[in-house]
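Let me begin by presenting the structure, written as structure tokens, before commenting on it.
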Amino acid sequence: MSRRRPLGDAPFPGTGRVAGGGGGRLVLPVVLSATFVQLLNVTVAQIAAPAIRADLGAGSGALQLILAGYTLTYACLLITAARLGDRYGYHRLFVLGTVVFVAGSVAAACAPDATFLITARLVQGAGSGLVAPQVLSIIQVAVPAARRPRALGLFGATMGAASLAGPLIGGLLVGADAFGLGWRSVFLVTVPVALVSLAGATVLPRARGAAGQRVDGVGVVLTTVGFGALVLPLALGGEAGWPWWTWAGLAASVALLGCFALTLPHRPDPLVHPSLFRERRARAGVLLVFVFNSGVPSFTYLLFLHLQSALGYPALAAALTSAPFAAAAVLGSRGAPALARRYGSAVLTVSALVLAGTALALAPLIGTAAGRWAALPVLALGGAAFGSFTASVFALVLAGVEGSAAGSVSGLLPTAQQLGGSIGVAAAGLVYFAPASGPGAAFRHAMLYEAAVFAVTALISLRMRERNGSAAPRADAARAAGGGDATRGAGTSGSPRS
């Protein structure tokens, strides 16, 4: 039986020695700043939607494409971009994706009409899709094994904080209307951070791509079209009344992605390493991220939708109401790495159950003025649980993945996150807009959906307890010994890199 690797010590295919030099501790701020702007752009435009509609005269379909176009290209490129990074080098793909993202952001801010803005959002998403898998890969290559669990925890916390900060930042920018920019400022705000990431890319390791590794063209087509056929109907179906083409798209997606999975073992250079599907806990980890994210973006989406549409809150007031959730998430993420080292995946189980309780407690509170004040500490508790989960999950999932499958996870985890978010928002919207006696009842039904999702998340997390319960003590032992064995283990896979 092969020995399981300690927490954070799963090498990626084609990686060689861990790069201890180069930018050193500057590597993490560079890649995490890029992660922040990618995830911020998923939600920051949502709260500016009414202003965009009024200014550009966008119809409901165009407005949905403006919001969903970013996620569409983002999700479709993640698996392909992970393999392109293996082939051509993570640094090169990081720089290319950041340049594309900045160009799309500037174009979005300058958009003269809705069609131009949709195109710019597609370009933005493509840039993020190229960058996102490289971040995990760079962390695995450039961060020493002893520091890697903390780095992965910060990565998860950054993703969570960015997702929650989007509506808050969007509400503040639209409400302030600085320099008369209005909604355009929500696209410009990410440009300075992305430019800092681009300038800081000089400190990232310049490892060559894996020699002789090819990119599976058939797999690229199947995954890109398959994910596109899944995300687009989910994003537009509810607004359009679920016409025939949405169901045809979903059926085509199932067929294409099923064909991709079935033919993986028969292709010489598959986009996803087949060993991932043989690893029970690796499958559980990807499924865990998918299910959790089918609850979190939809939770904040439903909260903002109900506050603004049903209760008449202005954008800024709705954003401030959700502030305890976001602030507590930051605090929860700070303590999560230590909790994960001590308790393993039990942190994920407890956090998911707390979020389920938060959804159930929130449903009867939001409907009254007094209840909304009482909801603030409930939101804070849920935010702390959210921060603990997101800051722990990536390190715990990667701790349970063998080296041969770890490269594929760099593309699959962000893909699972984005697809889960898209499906969750669509499903939660269906529940919220289903026939109900009133807005309060509709919100209660939606919170029941959220509680069910988080309860399922807790159940899935139990499948990871055996692996991570034994991985954490070994990781502590490796750190106590100076991390020497772990570092040597990460350098035994693949060809040497410069």
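Residue numbers (the working numbering): 773 to 1270. Cβ coordinates follow ideal geometry from the N, Cα and C atoms, glycine included. Just so you know, these numbers come straight off a predicted model, no measurement behind them.
- Residue range 832–860 is occupied by the alpha helix (DSSP H) that includes residue 836.
- Note on the stretch 984–1069: whole alpha helix (DSSP H) runs with a minimum of 4 residues are 989–1012, 1016–1035, 1047–1050, 1052–1065, in chain order.
- Less than 8 Å divides the Cβ of residue 940 from the Cβ of residue 1091.
- Only buried fits residue 863, as 16 or more other CB atoms lie within 10 angstroms of its CB.
- Membership of residue 891 in the alpha helix (DSSP H) is indicated by the continuous run 886–914.
- For the pair residue 945 and residue 957, the CB atoms are nearer than the 8 Å cut-off.
- In this structure, the CA atom of residue 1105 is about 18 Å from the CA atom of residue 908.
- The beta carbon of residue 834 lies closer than 7 Å to those of 886, 890 in the same chain, with the five residues before and after it left out.
- Ranked by how close their Cα comes to the Cα of residue 1138, the residues 1120, 1113, 1082 have 1082 in first place.
- Separation of residue 1190 and residue 839 (C-alpha to C-alpha, rounded to the nearest whole angstrom) is 13 Å.
- If you ignore the 5 residues before and after residue 1100, its C-beta comes within less than 6 Å of the C-beta of 1152, 1155, 1156, all in its own chain and listed in chain order.
- The Cβ atoms of residue 1001 and residue 1024 sit closer than 8 Å to each other.
- Sixteen is the threshold: since fewer than 16 other Cβ atoms of the shown chains lie within 10 Å of the Cβ of residue 949, the residue is exposed.
- With 16 or more other Cβ atoms inside 10 Å of its own Cβ, residue 1009 counts as buried.
- DSSP places residue 1236 outside any alpha helix (DSSP H), giving it a letter other than H or E.
- DSSP places residue 962 inside the alpha helix (DSSP H), whose first and last residues are 962–972.
- For residue 1103, the uninterrupted alpha helix (DSSP H) segment begins and ends at 1095–1115.
- Taking all protein chains in view, the Cβ of residue 1097 is crowded by 16 or more other Cβ atoms within 10 Å, so the residue is classified as buried.
- In the DSSP assignment, residue 822 falls within the unbroken alpha helix (DSSP H) covering 821–828.
- Judged by DSSP in its simplified three-state form, residue 1166 adopts helix.
- Per DSSP, reduced to three states, the secondary structure at residue 978 is coil, with no helix or strand assignment.
- For residue 1142, the number of other beta carbons within 10 angstroms of its own is below 16, and it is reported as exposed.
- In this chain, the alpha helix (DSSP H) harbouring residue 810 covers 799–815.
- Distance check between residue 953 and each of 1231, 1040, 827, 1042 places 827 closest, using alpha-carbon atoms only.
- Assigned with DSSP and collapsed to three states, residue 1086 falls in coil, not helix or strand.
- Annotation for residue 987: 855, 859 place their beta carbon closer than 6 Å to its own, counting only its chain and skipping 5 residues before and after.
- Counting of Cβ neighbours within 10 angstroms places residue 993 among the exposed residues, the total staying below 16.
- Contact check for residue 1184 against residue 997 fails: the beta carbons are separated by 8 Å or more.
- Excluding its 5 nearest sequence neighbours in each direction, residue 895 has C-beta neighbours in its own chain below 7 Å: 872, 875, 876, 879, listed in chain order.
- Only buried fits residue 1078, as 16 or more other CB atoms lie within 10 angstroms of its CB.
- Between residue 1227 and residue 1204, the gap from beta carbon to beta carbon reaches 8 Å or more.
- Using a Cβ distance threshold of 8 Å, residue 1003 and residue 815 do not count as a contacting pair.
- Contact between residue 976 and residue 910 holds, since their C-beta atoms are separated by about 6 Å, short of 8 Å.
- Taken through DSSP and simplified to helix, strand or coil, residue 1205 comes out as coil.
- By the neighbour-count criterion, in which 16 or more other beta carbons inside 10 Å mark a residue as buried, residue 1145 falls on the exposed side.
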